[in-house]
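Residue numbers (the working numbering): 4 to 200. Using N, Cα and C, we set each Cβ at its ideal position, and we do this for glycine too. Model, not experiment: these values are computed from the prediction. One structure below.
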């Protein structure tokens, strides 16, 4: 029984992500979501007590997808610049493959929703920045490198770049992909990110 319930929850979250992608700028109503899933609104609420909890389910998916892989990158890659590049490519690639989630990452889909959801999204970017700080800080110990503009400004700058590329993706209604021209941009960034001690 619980498997069937989990399947329905997954189906609801998948439909919500699909609607976020296919209706850029539109507010998602539970009535429209119920119709998309093929159930009644009451059935939606049997699986999620509120629309906020549905959005939280998607935010949890984002967190799990990104941070599990970021931890693996940190464990498996020793070169600091490659580590940073791989983390940024992971985030941009995830965004590109999940356009609906980008509307959550930019908080575009959260207008009029509970403040708690916007705080959760802010925390996702804070966690990314913290991970980048940790990676950049280790450069000195492991490779005798230091960030050209300091640990905090460097991590903040990198987060601003990925956040800007995700926002651009949403603003272009998913036409300008986050990975477009990224290699050219990264090659300039990488040359200027770290300097020898």
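Here residue 142 is near residue 197, since their CB atoms are less than 7 Å apart.
Taking 7 Å as the cut-off, the Cβ atoms of residue 193 and residue 83 do not count as close. Around the beta carbon of residue 103, 16 or more other beta carbons sit within 10 angstroms, so the residue counts as buried. According to the DSSP secondary-structure assignment, residue 148 is paired through a beta bridge with 199. Secondary structure note for residue 38: its alpha helix (DSSP H) is the uninterrupted segment 33-40. At a Cβ-Cβ threshold of 7 Å, residue 165 and residue 150 do not count as neighbours. Nearest to residue 178 by C-alpha distance, out of 72, 41, 24, is 24. Secondary structure note for residue 72: its alpha helix (DSSP H) is the uninterrupted segment 54-79.
When DSSP states are grouped into helix, strand and coil, residue 117 belongs to the coil group.
In the three-state scheme derived from DSSP, where H, G and I count as helix and E and B as strand, residue 102 is classed as helix. Looking at the backbone, the Cα of residue 109 and that of residue 126 are separated by about 12 Å. Comparing alpha carbon positions, the residue from 64, 152, 20 closest to residue 136 is 152. Around residue 93, the same chain offers 72 as residues with beta carbons nearer than 6 Å, after the five sequence neighbours per side are excluded. DSSP places residue 132 within a helical segment (H, G or I) once states are collapsed to three.
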